[in-house]
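A.B. asks:
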Amino acid sequence: MTRRLPTIHGITEHDAGPYRMERLDLEFSNGERRQFERLRGRGHGAVAVVPLLDADTVLLVREYAAGLHRYELGLVKGRIDAGESALQAANRELKEEAGYGAHRLEVVRELSLAPVYMSHETTVVLARDLYPERLPGDEPEELEVVPWKLDALGELALREDFSEGRSIAALFAAREYIRRQADGG
């Protein structure tokens, strides 16, 4: 069943740190009226990079996660700067965080973070044919680079220090993308 999108009768907004909080005055197709709130990002989007060291190995980084006050394993990720494409941002972040660049970069898909109340999307980028190159980044310390076998993603997904949803989803999506390419689809 396809539904008609609600009619937006008005939007009010105010600043909420790095986001803009919007209140939408909505009318649904059944005549019900509601107000929903959503966070809108101020930037140009974000990337999550799946860097393949070889056909079977992805590179993860371990970095301090202030929200949980612990070190977490995850993918290279970061903001897309003004004037940058997602692929350019992915290659820059890869050099800053993991010390590698990539000769081949491909968009796998877009992931939403919390689509019920947030507009934020992350572009998942597969990076192949890596070469060593480091750029200075904004991290306060050099990140530990951890190779991980793609056939052990199930084990990784159950680790206590690997909990970020974007990294988990991006790795499984990238693995499926790689499998379909290998199968010719």
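Just so we're on the same page, my numbering is the position in the sequence shown counted from 1, plus 1032.
Backbone N, C-alpha and C define an ideal beta-carbon position, used for all residues, glycine too.
Need the endpoints of the alpha helix (DSSP H) that Ala-1201 sits in, please.
C.D. replies: 1197 to 1214
A.B. asks: At the 8 Å Cβ level, is Thr-1044 part of the contact set with chain B, yes or no?
C.D. replies: Among the protein chains of the structure shown there is no chain B, as only one such chain exists.
A.B. asks: According to the Cβ coordinates, are Leu-1145 and Tyr-1209 closer than 8 Å?
C.D. replies: no
A.B. asks: Taking the C-alpha atoms as reference points, what is the distance between Asp-1088 and Asp-1047?
C.D. replies: In a straight line, the C-alpha of Asp-1088 is about 44 Å away from that of Asp-1047.
A.B. asks: Please state the DSSP three-state secondary structure of Glu-1187.
C.D. replies: helix
A.B. asks: Would you list, in sequence order, the uninterrupted beta strand (DSSP E) runs of no fewer than 3 residues that lie entirely inside the stretch 1052 to 1080?
C.D. replies: Within the stretch 1052 to 1080, the runs of beta strand (DSSP E) that reach at least 3 residues and sit entirely inside it are, in chain order, 1065 to 1073.
A.B. asks: Bridge partners for Ala-1114 per DSSP, in chain order?
C.D. replies: DSSP output for Ala-1114 lists no bridge partner at all.
A.B. asks: Please state the DSSP three-state secondary structure of Leu-1107.
C.D. replies: coil
A.B. asks: Mind checking whether the beta-carbon of Pro-1038 lies closer than 7 Å to any heavy atom of the ligand GDP?
C.D. replies: Ligands in the displayed structure: none, and consequently the ligand GDP is not present.
A.B. asks: To the nearest angstrom, report how far apart Met-1150 and Leu-1084 are at their CA atoms.
C.D. replies: 30 Å
A.B. asks: Contact between the stretch 1038 to 1045 and the stretch 1054 to 1070: three or more CB pairs below 8 Å?
C.D. replies: yes
A.B. asks: With respect to the beta strand (DSSP E) encompassing Val-1090, which residues constitute its N-terminal and C-terminal limits?
C.D. replies: 1089 to 1097
A.B. asks: Confirm, please, whether the CB-CB distance from Tyr-1103 to Asp-1193 is below 8 Å.
C.D. replies: yes
A.B. asks: Just list the residues that DSSP pairs Lys-1127 with in beta bridges.
C.D. replies: According to DSSP, residue pairing for Lys-1127 in a beta bridge does not occur.
A.B. asks: I need the DSSP call for Leu-1085, collapsed to helix, strand or coil.
C.D. replies: strand
A.B. asks: Cα separation between Phe-1068 and Arg-1055?
C.D. replies: Taken atom to atom, the span from the alpha-carbon of Phe-1068 to that of Arg-1055 is near 6 Å.
A.B. asks: Taking the C-alpha atoms as reference points, what is the distance between Val-1148 and Tyr-1163?
C.D. replies: In a straight line, the C-alpha of Val-1148 is about 39 Å away from that of Tyr-1163.
A.B. asks: Report the partner residues of Ala-1048 according to the DSSP bridge assignment.
C.D. replies: Tyr-1051
A.B. asks: Would you identify the three-state DSSP class for Leu-1119, choosing helix, strand or coil?
C.D. replies: Under the three-state reduction of DSSP, Leu-1119 is assigned to helix.
A.B. asks: Alpha carbon to alpha carbon, how far is Val-1108 from Leu-1184? Give it in angstroms, no decimals.
C.D. replies: The residue asked about is misnamed: residue 1184 is Ala in this sequence, not Leu. Those two C-alpha atoms are separated by around 19 Å.
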